[in-house]
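First the structure, in the form of structure tokens, and then the observations on it.
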Amino acid sequence: MPLLVQPAVKGSDHPLFYQARESIRRAIIAGRLKSGDQLPSEKNLALALGVSLITVRRALDDLQLEGLVVKEHGRGSFVRALPIEQKLDHLAGFAEEMEKLHHQSSAKVLDIGQVPASADAANHLAIPPGKPVQKIERIRYADQEAILFNIMFLPIEIGVKIASEDLTQHGIFPLLEGKYGISLLEADYQFEASVPPQRVQKALGVKAHDPVFLVHRTVYTEERRPVSYTLLYYRGDKFRYAVHVQKARAAGATVRLKSQFSMVS
Numbered sequence: 002m003p004l005l006v007q008p009a010v011k012g013s014d015h016p017l018f019y020q021a022r023e024s025i026r027r028a029i030i031a032g033r034l035k036s037g038d039q040l041p042s043e044k045n046l047a048l049a050l051g052v053s054l055i056t057v058r059r060a061l062d063d064l065q066l067e068g069l070v071v072k073e074h075g076r077g078s079f080v081r082a083l084p085i086e087q088k089l090d091h092l093a094g095f096a097e098e099m100e101k102l103h104h105q106s107s108a109k110v111l112d113i114g115q116v117p118a119s120a121d122a123a124n125h126l127a128i129p130p131g132k133p134v135q136k137i138e139r140i141r142y143a144d145q146e147a148i149l150f151n152i153m154f155l156p157i158e159i160g161v162k163i164a165s166e167d168l169t170q171h172g173i174f175p176l177l178e179g180k181y182g183i184s185l186l187e188a189d190y191q192f193e194a195s196v197p198p199q200r201v202q203k204a205l206g207v208k209a210h211d212p213v214f215l216v217h218r219t220v221y222t223e224e225r226r227p228v229s230y231t232l233l234y235y236r237g238d239k240f241r242y243a244v245h246v247q248k249a250r251a252a253g254a255t256v257r258l259k260s261q262f263s264m265v266s
């Protein structure tokens, strides 16, 4: 198996299983083993690395726990997609983020209509419950794969304008700012694990107990007025979030957030 992995060095300060694991990891990160590739058999890996089968299995178990490989019974081990990093230090729409991360985004509009605001939507939009709001449901795709089910609620005065646009071709944030002159300042996010409604499961191609990540997002204008409240259902096998925070050392200290998601094949 030339050029894929480097043999372990006996007598090194590092244990053999550590060397085997890091050698396979380097091959994945360097692109010698790509997303979706099947790894050589455990026997061939053991020969190439110069270690025992037990050592190879331990190395692969560690890499599976880290999410770099997946072991399929009767088939072998496969490379999973490397995590794609998305920072939560700015406000951006799905299409903008996918473009930045070199993925092709697209959208399918499922439903557009006016509905009475639920207590939840009304609370986030700072309006009375039952007041009409514009509801927009879309599926968002990355590289033609359903990744996100998006349910957005907007105040009726701006919602009717957005509803008249071609939302398969245009993102809502660019429309709000570019066409309608509404400057977006900031957003609040809430994260939770979720068992989504059946229509969301069907749209995302997931089963009842597959992991789905639900994000509640409220976007505000420069006047600190809520302009949208959105439920974002992400496929749990495609996105992975990690948050980095810094300890506040003084009054008014800021917190830096970073999210990470992986598009897993």
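Residue numbering for the sequence shown follows the working numbering, starting at 2 and increasing by one per position. Glycine is no exception: its CB is placed at the ideal position from the N, C-alpha and C atoms.
- Secondary structure note for T231: its beta strand (DSSP E) is the uninterrupted segment 227-236.
- Each residue's CA atom was taken as its position, placing S53 and S42 some 13 Å apart.
- In the DSSP assignment, F240 falls outside any beta strand (DSSP E) and carries neither an H nor an E.
- The Cβ-Cβ distance between D189 and D211 does not fall below 9 Å.
- Annotated three-state conformation of E138 is strand, per DSSP.
- For V196, there is no enclosing beta strand (DSSP E), since its DSSP letter is neither H nor E.
- Taken in chain order, the complete beta strand (DSSP E) segments of 3 residues or longer contained in the region 36-80 are 70-73, 77-80.
- By a beta-carbon distance limit of 8 Å, Y230 contacts H125. Their separation comes to about 4 Å.
- With a contact defined as Cβ atoms closer than 8 Å, P8 and G51 qualify at about 4 Å.
- Around the C-beta of P197, 16 or more other C-beta atoms lie within 10 Å, and the residue is accordingly described as buried.
- In the DSSP secondary-structure assignment, L155 is bridged to Q135.
- Within the same chain, Cβ atoms closer than 7 Å to the Cβ of A28 are found at L5, V6, L34, the five residues on either side in sequence being excluded.
- With distances taken between CA atoms, D112 lies nearest to L168 out of L168, F18, E23, V213.
- Distance from the CA of K132 to the CA of F240, rounded to the nearest whole angstrom, comes to 34 Å.
- Scanning its chain for C-beta atoms nearer than 6 Å, with the 5 sequence neighbours on each side dropped, one finds around A96 the residues S106, G172, in chain order.
- DSSP places K203 in the helix class (H, G or I) of the three-state scheme.
- Rounded to the nearest whole angstrom, the CA to CA distance from E67 to A21 is 15 Å.
- According to the DSSP assignment, K101 belongs to the alpha helix (DSSP H) that extends over 95-101.
- The Cβ atoms of F174 and L92 sit closer than 9 Å to each other.
- Secondary structure note for I29: its alpha helix (DSSP H) is the uninterrupted segment 17-30.
- Distances from the CA of H103 to each of A120, H74, A143 were compared; the closest alpha carbon is that of A143.
- Linking A49 to F18 through their CA atoms gives a straight-line distance of about 13 Å.
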